Structures are given as C-alpha cells and as structure tokens.
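Chains as they are written, first to last, in my numbering: chain A, 1 to 311; chain B, 312 to 600; chain C, 601 to 1003. See below for the structure under consideration.
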Amino acid sequence: MVTAAPGHQRLAFAVMLIVLIVAPFVVYPVFLMKALCFALFACAFNLLIGYVGLLSFGHAAFLGGAGYASAHAAKVWGLPPEVAIVVGTLVAALLGAVIGALTIRSRGIYFANITLAFAQMVYFFALQAKFTGGEDGIQAVPRGVLLGLLDLRRPYVIYFTVLAIFVFGFLIVHRAIHSPFGQVLKAIRENEPRAVSLGYRAEHYKLIAFVLSATLSGLAGATKALVFQLASLTDVHWTMSGEVVLMTLLGGLGTVFGPVVGAFILIGLENYLAQLGAWLTVVQGAIFVVCVLTFRRGVVGELGRWLGKPL
Amino acid sequence: MTTQALFGQLLIGLINGAFYALLSLGLSVIFGLLNIINFAHGALYMMGAFVAYFLLQWAGLGYWWALLAAPLVVGLVGIGLERAMLRWLYQLDHLYGLLLTFGLALVIEGLFRNQFGSSGLPYGIPPQLVGTYNLGFMFLPVYRAWVVVFSLVVCLATWFVIERTRLGAYLRAATENPTLVQAFGINVPRMITLTYGFGVALAALAGVLAAPIYQVNPLMGANMIIVVFAVVVIGGMGSIMGSIVTGFALGIVEGFTKVFYPEASNTVIFVIMALVLLVRPAGLFGRTA
Amino acid sequence: MTVTRLVILTLVAILAAAPASAQVSDGVVKIGILNDQSSLYADLSGQGSVVAARMAAEDFGADKKGIKVEFVSADHQNKPDVGSQIARQWFDTDKVDVIVDVPNSGVALAVNQIAREKGKALLISGAATADLTGKACSPNTIHWAYDTWALANGTGNAIVKTGGDTWFFLTSDYAFGHALERDTEAVVIKAGGKVVGKVRHPLNTQDFSSFLLQAQASKAKIIGLANAGGDTTNAIKQGAEFGIVKGGQNFAGLLVFVTDVHALGLQAAQGLILTETFYWDQNDSTRAFAKRFAERDRGIHPTMVHAGVYGAVLHYLKAVEALKGDDGTKVIAKMKELPTDDPLFGKGSIRVDGRKIHPAYLFEVKKPSESKGPWDYYKLRATIPAEQAFRPLEAGDCPLVKK
Chain A
1 MVTAAPGHQR LAFAVMLIVL IVAPFVVYPV FLMKALCFAL FACAFNLLIG
51 YVGLLSFGHA AFLGGAGYAS AHAAKVWGLP PEVAIVVGTL VAALLGAVIG
101 ALTIRSRGIY FANITLAFAQ MVYFFALQAK FTGGEDGIQA VPRGVLLGLL
151 DLRRPYVIYF TVLAIFVFGF LIVHRAIHSP FGQVLKAIRE NEPRAVSLGY
201 RAEHYKLIAF VLSATLSGLA GATKALVFQL ASLTDVHWTM SGEVVLMTLL
251 GGLGTVFGPV VGAFILIGLE NYLAQLGAWL TVVQGAIFVV CVLTFRRGVV
301 GELGRWLGKP L
Chain B
312 MTTQALFGQL LIGLINGAFY ALLSLGLSVI FGLLNIINFA HGALYMMGAF
362 VAYFLLQWAG LGYWWALLAA PLVVGLVGIG LERAMLRWLY QLDHLYGLLL
412 TFGLALVIEG LFRNQFGSSG LPYGIPPQLV GTYNLGFMFL PVYRAWVVVF
462 SLVVCLATWF VIERTRLGAY LRAATENPTL VQAFGINVPR MITLTYGFGV
512 ALAALAGVLA APIYQVNPLM GANMIIVVFA VVVIGGMGSI MGSIVTGFAL
562 GIVEGFTKVF YPEASNTVIF VIMALVLLVR PAGLFGRTA
Chain C
601 MTVTRLVILT LVAILAAAPA SAQVSDGVVK IGILNDQSSL YADLSGQGSV
651 VAARMAAEDF GADKKGIKVE FVSADHQNKP DVGSQIARQW FDTDKVDVIV
701 DVPNSGVALA VNQIAREKGK ALLISGAATA DLTGKACSPN TIHWAYDTWA
751 LANGTGNAIV KTGGDTWFFL TSDYAFGHAL ERDTEAVVIK AGGKVVGKVR
801 HPLNTQDFSS FLLQAQASKA KIIGLANAGG DTTNAIKQGA EFGIVKGGQN
851 FAGLLVFVTD VHALGLQAAQ GLILTETFYW DQNDSTRAFA KRFAERDRGI
901 HPTMVHAGVY GAVLHYLKAV EALKGDDGTK VIAKMKELPT DDPLFGKGSI
951 RVDGRKIHPA YLFEVKKPSE SKGPWDYYKL RATIPAEQAF RPLEAGDCPL
1001 VKK
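Below, the structure written as structure tokens:
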C-alpha cells in the first residue's frame, strides 16, 4: 500500500509544476535546465542522507560517471538521446551497486570517507582514461532527436524534456519514501538494532536505497551531459560531492522539496556571482557555516516548521 | 633501477612520510580527543605558511621565528573558531562538525585567494639549512633531513604528552565522560578549546615546514586535505600512534609507487584506504565507531 | 490559501535570482572577457585581461569614432560547463558580440563550439591547445598569443640548437601534458637531440623529489617540464632545493608565464628556459604599455596572454569599423583580411585557419644578481621569426584550409 502524500504537499507539488512550466518563457532556459538537473541530483542525494541517514561524500562519481557514459554513447556510438541517457543511468546504477556493496557496512564518518575514497578512484580513472578526454572532457556531444520526433536542439523542446525527466525522478523518490520500503528505511534510521530484531535485513534495505540514489544521480548526470553537450572532470571532482551536500543542507535535509529549492538557490547564486570570481567560494562556505549553526532545517525545513506542516 | 637509486627513493619516501605524519597529527588529535572532524585543517595549514611569509615580508622575521609564532597565531585563530562556532555542535551528530569545518575551509581559502591570487608567493629555505649532503647514492638536501628529524620529534612528543602524561590522561578522560571529569574540578570546556587550538597549531607548524619547499599558495591546503584525511582514517580515527605510523608508511608506499607506477602515486592512498576500511572499518589502530 | 501563496512566493523569489536578460540596442559592441579569476590562471589572465581589453578600446579611440563599446566579464572557474553556460547566456540573452581570452583548453574548446553554432566571434588568448587552429578550427575563432605547438617548437628547437641536446621529460599525466611532451619530443629529435628518459607524474603533485632524483640520475642536460601551473612551479622550486641547476642541468619550462617566475622568485627560477611571444621589457612601446597596465592592475606586469587580449580587441575593433557591423562570422573574416599592427606584437597577420602569426622568443630567467628590480626577469636567448614560430598551415588538419 502506498500512502498518499498529505494534501498540502500535493498542492505544493502542483504549484512547483506550474511555476516550472511557465518559467522558461520568463527566465533563460539553459539556466533552468541546469538547476533542474542539479535539483534531481540533490533529491537523489537527499534520499540517502535525509531518509537513511548516510552522508555520502562521493556522489559525484555517479553524476559524472553517468555523464561520461551518456556523452560517449551519444557522440561516439551515435545513439539517440533517450538511449544515451538510459546508458548513462545504467552505468551509474552499476557503479552504485558495486560501491554500495563495498561500503554499506560502514556508518557515519567512515561511510563518508570510504565513499570519498571510491569517488576519488573514479576521478582518477576519468582523468587517465582515453575516452573521457582528460581535462578537456568529451566535447560537442550531439543532442539529437528524442524518440525520432522531438528535435532537442530547440530550446523549449529540450527544456520540457528535461522537466519531464526531473518530474519522473522526483516522483520516484517520492514514491520510494511514501511506500512500505520508505517506512522500513525510516525505522532503520531511527533505531537500526530494533528494526533488525523485527526481522528486517537492514543492510539489504540500505543497499537498495543507495543504488536507487546512485541511479537517479546518474539520470541527472546523463541528462546534464546532453543539455550542456559536454562531460567534464568537474562532475567527478570531490568538490561536486560537496556542492550537492550544500544544496541539500540549504534546502532542508529530509524534506521533500528542500533539495529542489536548495539546488535552485545555489545555481542561481553561482550565476549571479560568476562576475565576482573567488567570492563565490567564500559565499558558499559562509552559507555552509550559517546553515550548520543556525539554519539546520534549511529553507524548506524552516518554512515547513513555520507553517506547521512538513514540506 | 639500481639498488642505489632505490635507496634514494626510499629515503625520499620516508621524508615525505614524516611530513604526512606531522600534518595528520593535528587532525588526529582533534578527532581523537574532541570527536570533531576538522575539514578546515588544510586551510589552517595554509595559514601557517602564509603567516611565515608575512613575518618575513613585513617584520623581517625569518624561519626560526615563524616556527614559534605561526603556530601561536593560527592556534589563536583556531581557538576563536572553536569558541565562536564549533562548541555549539558538540551535542549533535559528528557530521555537522564536518560540514561546518568544510564551510570554514571554503571561506578561508576563498578569502586568501581573493587577496593573494593563486600563483603563490616565494619563500626561501633558511640560510642555515641550505645545501645538500652527499650520501653517495643521492644528494639529500639539508632541509629535507631537518624536516624528517623535526617531524619525528614533534610527533613523538605529542604522542607522549597525550598518552603518557597526566595532562593527556585528563584530556582523554574528558572526552569519554565530560560531566564526571568536570565534577572533579577540571575545566573541561577550556581543555577542549585548548586542545583544538593545539591541533590547529600543529597544522600551522606543518605549514611553516612546507613553505620553503612547496609554493606558499592559497590552494596548498586543498591539495593536501584529502590525503591527510585518508592517512588519519587508515591509521584509525582516534589513534595518535596510528596516524603517525600510517603517515610514515604511506610516504614509503607512495615512494615505491613513484618508482614503479608513477601515474598512480596520487591514487594509491585511496585504494589502500578502501581496502583497509573494508577489512577493518575503524582503521588499523582505531577504536570502533 | 497561505500555504500556496507562500510556496509561490518562495519559488518566485528563487526564479528571480536567475539573471534577467539585458536589452542592448544595436550599435553597441559588447565584449565579454571570460577567464579564470579565482584559481590557477587568475594571475596570468584574470582581471588583467579585462584591463588589457579596456586599454585596447581606449587606444582605438572608440569614443571618438562613435563606436560604443561595453564590457562584461565572468569567471569560468576552469570548469567547461560553467564556461559554456556563461557563453551561451552571453550570446543568447545578453547580446554579447565577442568573447575574449578563455584560458584552459577544455573551456576554450567548448566555447569554440558554441561561438560557431551561434555565429558569434571568439578571440582566444589564454588557452594553449593548438587544436583550436587544427582539428577544431572554426570560421568564428582566432587564436592569439601562443599555442602548444609554438611553445614546443620554440623551446625544443632553440634549446637543442643552443647546446641542450639531451632531454629528460617530467610530464603531467593527462592529455595536455602528454601532448606537450609528444610535440616537444618530436621537435627535439628532429633538431638532432636525444630524449634519454621520461617520467609521468599525477596532476597536482605536491612533492617532486622522487621525480627530480630520477631526472638527476639521467644526467640529461635539459629537464623538460611538460606540465603547467602549480606542478611547474613546485618542480622548479624543489629543483632548486636539490641543486639541479647548480649541478649543471637546466629546466625547460614548456608552459611558463612571467607571473609564474614572479611567484617563484629569481632565486628558485634562475636558469629556467622558456618561450613567450611577448615580454614587457622588449622595447619602448611594450614598456610604455606595461607601465600603464601595471598602474591599473595592482602592479602586475602584463603576460603574453594580457598582450594577446589587447592585440585581439584592438584588431577586432578595427575590423568592426571597416565592416561597419559586428556580425561574428563576418568580423572574423575581415580580421583575417586586414594585416595586424599593434604596439605589442608589431606587424603581423592572421591565417585562414585562425592562427595569428607573430615572432616567438626564447628567454632565460636571470640570476638574482642580474636583475635590476621586480619583474626584470628575462634575458633573450633567441628570436624565432614569425614564419617558423607556428605550425605550418598544411600540417594542422584544419577543414578551413583548402588542400
């Protein structure tokens, strides 16, 4: 049985959808698409930290790994965009399964460290491997024609495709959280020994959540590679893993809409502050500090608390 | 490669290991005693190097003064950070400490980059340590020999103070059971603050040591922090001896890798970290999480 | 309902954070300087390039000629996706007509593609890859200042001819380092030299002692540094520590800028051999430029990248004036038609593959005793005439070149 989302959440979802449908006519679509990809990434990440309580410091491996795979598939193998995205997502799922199997027994800071270690190995592989193009990355990735019908070179066509992908991923996360599976995850997070004593194989569930998180991160990465028509080392660097943590923290850990809001704010900031150079890192660091000290629930978390209803 | 040349590489590895051990020492102290994951360690190490540079530029005070002054100055900064920010997080999940210090690292490095660019600033080897020893199988710079001796001394001294003296015992007790120790009349919050300051001072000390050989540059910390973390994690978070031993061991392993498979010398530590954590999740010498 | 209103407000506020599109009327030439302002390349390009571009517009006399020039700048943070997003936005909504500088070959290649798609102009001064006038050449791009081929050729050739005929390579283990090593090795062997060894180090290596030991053991006369940025400066600094230069070997920096030498200090950098296409102390007009530049850029003296930005913007404006329009593809074609002449590079020309041609210079870094003050770092070892300084037109695989 899947529990229905509370009424106010459904309302918020409708509002979000309407805003995102209208937005590209008002705001530069490429910016929005970037924000959507990162929002999906953050939602996937939030699944792991907000609902399972595991801080992964290596999620960039899934974002970037999928990006390289889908870019390669689209450019070198000439596959149509929908296939390329699927390829990228599957690569991320595979990586997630392998890394997850090896790391899921750890907890807390050890988990953060070991995921970081694996992500670094993925980074160095990306740096060395011929097909990734090293520092230049994979450039000039063709956007292609979706399903043989929709020409993705047209800005609105690709925008709505990305929006559809985002909504799809968002709903999967939502479904996962509001299902019996999600309830077990919550139980494990609250009191793992108790859940185990009730007969739930905690590691099994954590691993599934991990792979799901990795797969959806991969979906975000694969889509992003097609939007920007390139895959680069930035997406597998450990600072990218740090950025997604920041987005989720800023938006609100464990909230439904938090990661989306956090992603939009951060990408918006990056845009605005691009003119100011190094101040961007200072601002990002300051946000981290402020959030951790006084704003731990994040934007959506605080908003939800103020309204008295969880968002 | 000849045996002679191999000896040379091993010695270099040992020297680098000493440096890693010193750099991870502060991190290990801070985590071991305070349960704080100090991601700002790299940025504070960088500040130590910069303070050494400023002392030379503005006050004409050379390297030997810097060895004393930089840890003090940066240690004070660390104390300020602890008092103002870190101490609010002690009751929370450790991960918040990591996130806060991560943010602090970004702020500090960003500010320095803004001010000083990223090419780096020159800082020379102190005149007393210039030159090389002819060891037969290689020429060893005097400064490097100094680094290994000094690091070893500081590492062992720190280990001794923490594990073998009464002060160290108080510190360790205070981490395990602060209320009880406070009931004995010991000012626990002040000890914690001073310990953090000490750990930070160790980072700054490593920074001064690094200034003559690596470019003094705002990015120097970011380059090091991941490696240092790996050392502490492999050694066992909470074990001072663990990170000292691991630091040296890593230097040697890296040295070998640079000879036989140099392209992987940056990655080898992560492979080792992953392997160690799979077999012993708390690290080689660590207490379980 | 309160909830809805609040959620809408929040989301609208977030959307408002995205930049609004600026409306620019025709008749304004809008120049975008895209480079690294906060990390590795901030000193050799960064804010200095903005200064150089402004100086070019002023020297061109844009105001007097009735051409309105506007500038925007942004930091691409050495990330191809940030750079390409800024470029797209500038071209699509901010009505930018030409993008200038773009250090970091990965970003430059991405922006090269975008400029071509949108029919706008791109003047590269900072990036190194010779592919920009080779495989990736475009009718919308001109490559100023330098490229990897010129550096490899200049340094490699000229060093072998002046006695440095045995080489050991210290190479950064990624595509750029490999390319630099490969190109220089080819030149060295062709000039009659020998490569006695090479070692590849990971990108962003802190400690080079192990590699330097190997270089010392090889007894090569020249240690070629096929790397850039922090790796190069660290290797040189530690080389001084190990007494490389004292021991009779010399470093050849395959990608070094005067700002790197400044950061190292002459004590560490003395004896380093490198190629640049511009040095501020070459003649009176370069000195005059450097003086004005330093006043506006915190005392930093111009690198060849800054000089390239100046030359490119100056020539661009001349072409716009001649064409009486700023359509990207047409202006680039005009720039190739007109011969170039500026106080920094002298007279020169632009080839059909987009390569700007000018002489290159082999410099050696002075000893501290030879320098009269800050920024007085180079002595000239050889001049490579313009026809030989860059890769021959036919050798580049550029589709624009008719065979």
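We put the beta carbon where it would ideally sit given N, CA and C, even for glycine. The structure presented is a predicted model; accordingly, all values stated were derived computationally and were not measured.
Close to residue 424(B), with beta-carbon spacing below 9 Å, are these residues of chain C in chain order: 638, 639 and 642. Nearest in C-alpha terms to residue 251(A), of all of 41(A), 27(A), 220(A) and 102(A), is 41(A). Residues of the region 682-701 of chain C whose Cβ lies closer than 8 Å to any Cβ of chain A, in chain order: 682, 684, 685, 686, 688, 689, 692 and 693. Residue 924(C) counts as exposed, since fewer than 16 other C-beta atoms from the protein chains shown sit within 10 angstroms of its C-beta. Within chain B, the C-beta atoms nearer than 8 Å to that of residue 802(C) come from 573, 574, 575, 576, 577 and 578, in chain order. Bounds of the alpha helix (DSSP H) holding residue 705(C) are 705-718. Residue-level contact check: residue 293(A) touches chain B, since one or more beta carbons of chain B fall below 8 Å from its beta carbon. Close CB contacts of residue 350(B) within its chain, under the 6 Å cut and outside five residues either way in sequence, are with 409, 412, 413 and 416 (chain order).
At least one CB of chain B lies nearer than 8 Å to the CB of residue 128(A). Of 877(C), 921(C) and 665(C), the smallest CA-CA separation from residue 755(C) is found for 877(C).
Residue-level contact by beta carbon holds for residue 450(B) and chain C, with a gap shorter than 8 Å. Counting the other CB atoms within 10 Å of its CB gives residue 204(A) a total below 16, which places it among the exposed residues.
Interface annotation for the region 533-549 of chain B against chain A: 537, 540, 541, 544 and 548, criterion Cβ-Cβ distance under 8 Å. Taking 8 Å as the threshold, the shortest C-beta distance from residue 583(B) to chain C does not fall below it. If you compare the alpha carbons of 781(C), 863(C) and 822(C) with that of residue 764(C), the shortest gap goes to 822(C). As summarised for the region 625-678 of chain C, the continuous beta strand (DSSP E) elements at least 3 residues long and confined to that stretch are 628-635 and 668-675, given in chain order.
Counting of Cβ neighbours within 10 angstroms places residue 480(B) among the exposed residues, the total staying below 16. Measuring C-alpha to C-alpha distances from residue 758(C) to each of 788(C), 780(C) and 773(C) identifies 788(C) as the nearest. Secondary structure at residue 79(A): coil, using DSSP grouped into helix, strand and coil. Rounded to whole angstroms, residue 871(C) and residue 977(C) show a C-alpha spacing of 10 Å. Within the same chain, and ignoring the five residues on either side of residue 85(A) in sequence, the residues whose Cβ sits closer than 8 Å to its Cβ are 70, 165, 219, 222, 223 and 226.
Contact check for residue 539(B) and residue 352(B): beta-carbon distance about 6 Å, within the 8 Å limit, so the pair qualifies. Residues of chain C whose Cβ lies closer than 9 Å to the Cβ of residue 103(A) do not exist, since the nearest Cβ in that chain is about 24 Å away. Note on geometry: alpha-carbon atoms of residue 468(B) and residue 114(A) lie some 31 Å from one another. Shown here for residue 376(B): same chain residues with a beta carbon closer than 7 Å to its own, the five before and five after excluded, namely 366 in chain order. When rounded, the separation of the alpha-carbon atoms in residue 390(B) and residue 505(B) is 7 Å. The beta carbon of residue 427(B) sits closer than 7 Å to the beta carbons of 529 from its chain, once the five residues preceding and following it are set aside; these are given in chain order. Per DSSP, the continuous alpha helix (DSSP H) segment holding residue 180(A) begins and ends at 180-190.
Every beta strand (DSSP E) of 3 residues or more that sits fully in the region 815-844 of chain C is shown, in chain order, as 822-826. Nearest to residue 326(B) by alpha-carbon distance, out of 423(B), 434(B), 461(B) and 386(B), is 461(B).
Proximity of chain C to residue 526(B) at the Cβ level (cut-off 8 Å) is accounted for by 830, 833, 834, 837, 863 and 864, in chain order.
Flagged as an interface residue toward chain C: residue 327(B), by a C-beta distance shorter than 8 Å.
Assignment of beta-bridge partners to residue 772(C) by DSSP yields 801(C). Taken atom to atom, the span from the alpha-carbon of residue 987(C) to that of residue 753(C) is near 12 Å. Close to chain A, meaning a Cβ-Cβ distance shorter than 8 Å, are the following residues of the region 417-443 of chain B: 417, 418, 419, 420, 421, 422, 424 and 425. Around the CB of residue 379(B), fewer than 16 other CB atoms lie within 10 Å, so the residue is classed as exposed.
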